[in-house]
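Written below as structure tokens is the structure these notes are about.
Printed below as a string of structure tokens:
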């Protein structure tokens, strides 16, 4: 049940970012600047290789995935894997969903 709740929360975050494009607070993106390297480059690669190449075309969804910092949702030891195309453990026997699946469900 927790997995469903956490997946719903992540989907809600993605939808929030889709519905409120360009939302700023004190000159910063809602989630943060989103340009911390190497995560920004990994996020861009994730979008190109996992999202766009598999048929996700909605620009709002693509932009949301460029903004959402997935590495902030995973434990420290999984940071190197944060943008891989697979679910990752987040504790209590739960996982954060595979990025493509979230994009597919959202689209």
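Residue numbers (the numbering used here): -15 to 91.
Cβ atoms here follow ideal geometry from the backbone N, Cα and C, with glycine treated the same way.
Values in this document were obtained by computation on a predicted structure and should not be read as measured data.
Using CA coordinates, which residue listed in 90, 83, 88 and 22 is at the minimum distance from residue 30?
Taking only the C-alpha atoms, the option nearest residue 30 is 83.
What's the gap between the Cα of residue 16 and the Cα of residue 25?
Unreliable positioning characterises residue 16 in this predicted model, as indicated by a pLDDT of 44, which lies under 50. The coordinate reading is nonetheless provided below. Each residue's alpha carbon lies about 15 angstroms from the other.
If the criterion is Cβ atoms closer than 8 angstroms, does the pair residue 45 and residue 76 meet it?
With respect to residue 76, residue 45 sits apart: the two C-beta atoms are not nearer than 8 angstroms.
Counting C-beta neighbours from all protein chains within 10 Å, is the total for residue 55 16 or more, i.e. buried, or is it exposed?
When all chains shown are included, residue 55 counts as buried.
For residue 58 versus residue 72, is the C-beta spacing smaller than 8 angstroms?
For the pair residue 58 and residue 72, the CB atoms are nearer than the 8 angstroms cut-off.
Starting from the C-beta of residue 28, find all residues in its chain whose C-beta is less than 8 angstroms away, skip the five residues before and the five after it, and write them out in chain order.
Within the same chain, Cβ atoms closer than 8 angstroms to the Cβ of residue 28 are found at 50, the five residues on either side in sequence being excluded.
With residue 78 as the anchor, note down where its beta strand (DSSP E) starts and where it stops.
DSSP places residue 78 inside the beta strand (DSSP E), whose first and last residues are 78 to 80.
Drop a sphere of 10 angstroms on the beta-carbon of residue 34, count the other beta-carbons inside from all chains shown, and report buried for 16 or more, exposed for fewer.
Its Cβ being crowded by 16 or more others within 10 Å, residue 34 is buried.
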